[in-house]
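A.B. asks: Please see the structure below; I have some questions.
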Amino acid sequence: MNEPEILPIVNIQPSLPTVVYDVSEGLVPEEEVWISCYRAGHDSVHARLQAMLDQKNRSLVRLVPKRTADVQAYLRPGEPRTYDVSCQSLKIPSTKVIVPSQEYVDRELSIPNRPHQITAFDVSPDSTQFACGHLNGSVYFYPTTNHPEHHRYHPQPLSALFHLRKYCTPHLSSVSLVQFFPDHPLLLTAGADFSLSILPADPFTEDDNNHSAREIKPKHVFSGAHTRPVTGAGVVGKAGTHVVSGSLDSTVRLWDVNEAKVVSTAYARSGVLSLAVGGWPKDDIKIAPLLDDTAMGVDNNKTGDDAAATTEASNTTSTTEAPLTAKDDKPHLTFCGLQNGTFEVFDTRSPLTTIYRSTARKTHTSGLTAITYGRHLHQLVTGSATGIVTVYDLRALDKPLACFRRHAFSPTTTSSGGAGIESLEFLSDEFVLEVEIQPSGEAIDKPPVSRVVVGPADGLPYVANVDARGETGVVVDEELAGVDCDPVRVVKTREMGGKMGGMAWDVWLACGDAVVRRYATV
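In terms of my numbering, the numbers along the sequence shown are unbroken and rise by one, the last being 522.
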């Protein structure tokens, strides 16, 4: 697989949901909106449509093309925040476009033209609160509310809750990561000041209604080990007795939480840009090991800290041989995306051990700025600074399962031509299984697909369906609308109960305008 598949784009006017609401409520009789569609190798299509009430069904808002019927758009019946958009000339099939159900806005931080940008974000496992990290080293906690029960065409704005916020400033500069512990009311943070910390993350209670914003203090601070910004970290196992961190100093370090000290260190070939932690694959599959000791050798092109790190690459250090946690009967894995465009896999037991190193791709090599891992899917996804998303099956890490992007790349230009990938997340850690009904009435199983939420720097997030067999390519399943040209910094997903016994998922986006957007998808 040499060149990435280039996916089409459907982009709607960010204020379209508000326009539809105004028309439905009779505030305006009709209003013009725009929808744009893009496909590589073709001229872009920019359509004008008129939002108006249906002549017969006055509770239905229609989007009527003004000049040409090339672009068609419909509101889904019973789903007032979901549109189906297609473009005939670009051969873009009907694509689901979803607008947020909620927008969380802190009026003190989301200041137009100069917002306090969100650099890190996470949602608690029970979705009752979320945390945001900012450029100035501060971390804020906010409570959440349920999705609005009544039908709304536009997002529910939520800012009144924010007087309940809790805050802390555990870092001297930009916060690079916040992550809730899976089974404990704690939050792990990492920063550009070379340190990590653990903050209390007690749930919000009714007593909090009687308080204004209040400051909290860190429980633990980890410092003195990394010599460059910490770019990624993760909690190892449900017990939460250890955390792992990666840094631009090319080291991956395992920390004992209670003692706040490093118990093991491993060295990567290049600076760590992104990091993901997860359990051993569900089916106990084998991951291809390092082929020989030469993979652990020194890169003679490196200097300074990187050279020193790789010199010791085959001599992983450790101060303890104890297992990570008594509850974990399987090892955990740490995946690191590196500055040189490769990734490495570590066995996150003490001592840390490198079990796989990828080779650099010959084309479009750039740093891996995002990485995510699906344990039950046994898949790994990486995202690069030039906008390339690559999907791997852990059973064959040397051969990508799929590779795609949203913009063409020209190596002759000074710009990459593609928006960098800021964040990646699986919508679900299970394959989607569907059947196709043939004209004869026979039901044929479709290939299982995994669903990846992509958060790019151009503010056009989407959900991609990836064929697990690598046979049918990649399809844009959903466009996540509502972000107005601001970078999507972090993507998070949470499972929630669906109707009729089915399942549905929340998608959370933390964006450069300091707004947190929540989407309901199925």
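Ideal Cβ positions, reconstructed from N, Cα and C, are used throughout, including at glycine.
As the structure is a computational prediction, the values presented were derived from the model and not from experiment.
#1: In three-state DSSP terms, what is serine 318?
#2: Can you tell which of Ala396, Val389, Leu397 and Leu394 has the C-alpha that lies nearest to the C-alpha of arginine 405?
#3: For asparagine 446, is the classification buried or exposed, using 16 other Cβ atoms within 10 angstroms of its Cβ as the cut-off for buried?
#4: With DSSP as the reference, identify every bridge partner of serine 270, one or two as the case may be.
#5: Within the continuous beta strand (DSSP E) that includes proline 80, where are the two ends?
#6: Given a threshold of 16 other Cβ atoms within 10 Å of its Cβ, counted over all protein chains shown, does arginine 469 qualify as buried or as exposed?
#7: Have a look at leucine 196 and lysine 261 and give me their C-alpha separation to the nearest angstrom.
#8: Give the secondary structure of serine 94 by DSSP, where H, G and I count as helix, E and B as strand, and everything else as coil.
#9: Would you give the residue range spanned by the alpha helix (DSSP H) that leucine 196 belongs to?
#10: Across the segment 51–64 and the segment 449–458, are there enough close Cβ pairs to call them in contact, namely three or more that are closer than 8 Å?
#11: Secondary structure at aspartate 256, three-state DSSP: helix, strand or coil?
#12: With DSSP collapsed to three states, give me the class of valine 491.
#13: Go ahead and label histidine 378 buried or exposed: buried means 16 or more other beta carbons lie within 10 angstroms of its beta carbon, across all protein chains shown.
#14: Which of helix, strand or coil does DSSP assign to histidine 523?
#15: Take valine 105 and list the residues in its own chain whose beta-carbon comes closer than 6 Å to its own, dropping the five residues that flank it on each side.
#16: Round the Cβ separation of threonine 369 and leucine 509 to the nearest angstrom and send it over; I've been treating them as touching at under 8 Å.
#17: Given a threshold of 16 other Cβ atoms within 10 Å of its Cβ, counted over all protein chains shown, does cysteine 403 qualify as buried or as exposed?
#18: If you draw a straight line from the alpha carbon of glutamate 434 to that of proline 125, how long is it in whole angstroms?
#19: Helix, strand or coil: how does DSSP classify aspartate 393 here?
#20: Just checking my contact of proline 155 with glycine 482 at CB under 8 Å: how many whole Å lie between their CB atoms?
#21: Excluding the 5 residues preceding and the 5 following leucine 291 in the sequence, name in chain order all residues of the same chain whose CB lies nearer than 6 Å to its CB.
#22: Do you know how far the Cα of leucine 177 is from the Cα of leucine 324?
#23: Using a Cβ distance threshold of 8 Å, determine whether the segment 66–74 contacts the segment 38–50, with at least three qualifying pairs required.
#24: When DSSP labels each residue in this structure, what does tyrosine 17 get in the three-state scheme?
#25: Restricting to runs no shorter than 3 residues, where is the beta strand (DSSP E) found entirely within the segment 98–124?
#26: Under the rule that 16 or more other beta-carbon atoms within 10 Å means buried, what is glutamate 103, buried or exposed?
#27: Among Asp84, Gly278 and Val381, which one has its Cα closest to the Cα of histidine 332?
#28: Using CA coordinates, which residue listed in Pro487, Thr189 and Thr241 is at the minimum distance from valine 139?
#29: Exposed or buried, cysteine 485, counting other C-beta atoms within 10 Å across all chains shown (16 or more means buried)?
#30: With distances taken Cα to Cα, identify the nearest neighbour of leucine 397 among Leu199, Leu7, Ser358 and Val85.
#31: Assuming serine 350 contacts serine 264 (C-beta within less than 8 Å), just tell me the rounded distance between them.
#32: Roughly how many angstroms separate the alpha carbons of aspartate 183 and aspartate 84, rounded to a whole number?
#33: Name, in chain order, the residues that DSSP records as bridge partners for cysteine 132.
#34: Does DSSP classify serine 423 as helix, strand or coil?
#35: In this structure, does DSSP put serine 24 in helix, strand or coil?
#36: Alanine 268 and serine 257 - do their beta-carbons sit closer together than 8 Å?
C.D. replies: Short version:
#1: Low per-residue confidence applies at serine 318: pLDDT is 37, beneath 50, and the placement is therefore not dependable, though the value from the model is reported in the following sentence. Serine 318 sits in a strand when the DSSP states are folded into three classes.
#2: Closest option to arginine 405, Cα to Cα, is Val389.
#3: Checking the displayed sequence, the identity of residue 446 turns out to be lysine instead of asparagine. Flag for lysine 446 reads exposed.
#4: None, per the DSSP bridge assignment.
#5: 79–87 is the span of the beta strand (DSSP E), which, as asked, contains proline 80.
#6: With fewer than 16 Cβ atoms within 10 Å of its Cβ, arginine 469 is classed as exposed.
#7: Whole-angstrom Cα-Cα distance: 11 Å.
#8: Serine 94 falls in the strand class under three-state DSSP.
#9: Following the DSSP letters along the chain, one finds leucine 196 in no alpha helix (DSSP H) but inside the beta strand (DSSP E) bounded by residues 196–200.
#10: Under the 8 Å Cβ criterion, the segment 51–64 does not count as touching the segment 449–458, having fewer than three qualifying pairs.
#11: Note: aspartate 256 maps to strand in three-state DSSP.
#12: Note: valine 491 maps to strand in three-state DSSP.
#13: Buried: at least 16 other Cβ atoms inside 10 Å.
#14: This structure leaves residue 523 out entirely; the chain is present only between 1 and 522.
#15: Closer than 6 Å at the Cβ level, and outside the excluded window around valine 105, lie Ser159 and Val515.
#16: With 8 Å as the limit, threonine 369 and leucine 509 do not qualify as a contact, their Cβ atoms being about 16 Å apart.
#17: Burial state of cysteine 403 is buried, judged by a 10 Å Cβ sphere holding 16 or more other Cβ atoms.
#18: Cα-Cα distance, rounded: 28 Å.
#19: DSSP places aspartate 393 in strand when its eight states are reduced to three.
#20: Contact flag correct, Cβ pair sits at about 7 Å.
#21: Bear in mind that a pLDDT of 42 at leucine 291, under 50, signals an unreliable position, so the number given afterwards is only what the model happens to contain. Excluding residues within five positions, none has a Cβ falling inside 6 Å.
#22: The predicted position of leucine 324 is uncertain, since its pLDDT is 34 and thus under 50; no value can be drawn from it.
#23: They touch, by the three-pair rule.
#24: Per the sequence presented here, residue 17 reads as proline, with tyrosine not at that position. Here proline 17 carries a helix assignment [DSSP, helix/strand/coil].
#25: As far as the segment 98–124 is concerned, its whole beta strand (DSSP E) runs of at least 3 residues are 102–105 and 118–123.
#26: Glutamate 103 counts as buried, since at least 16 other C-beta atoms from the protein chains shown sit within 10 angstroms of its C-beta.
#27: Checking every option, the nearest Cα to that of histidine 332 belongs to Gly278.
#28: Among Pro487, Thr189 and Thr241, the Cα nearest to that of valine 139 is on Thr189.
#29: Exposed.
#30: Closest by alpha carbon: Ser358.
#31: Confirmed, about 5 Å.
#32: Each residue's alpha carbon lies about 39 Å from the other.
#33: Per DSSP, Phe121 and Tyr140.
#34: Looking at serine 423 - three-state DSSP - the assignment turns out to be strand.
#35: Residue state, collapsed to three classes: helix.
#36: Correcting the residue type first, residue 257 is valine in the shown sequence and not serine. Contact check for valine 257 against alanine 268 fails: the beta carbons are separated by 8 Å or more.
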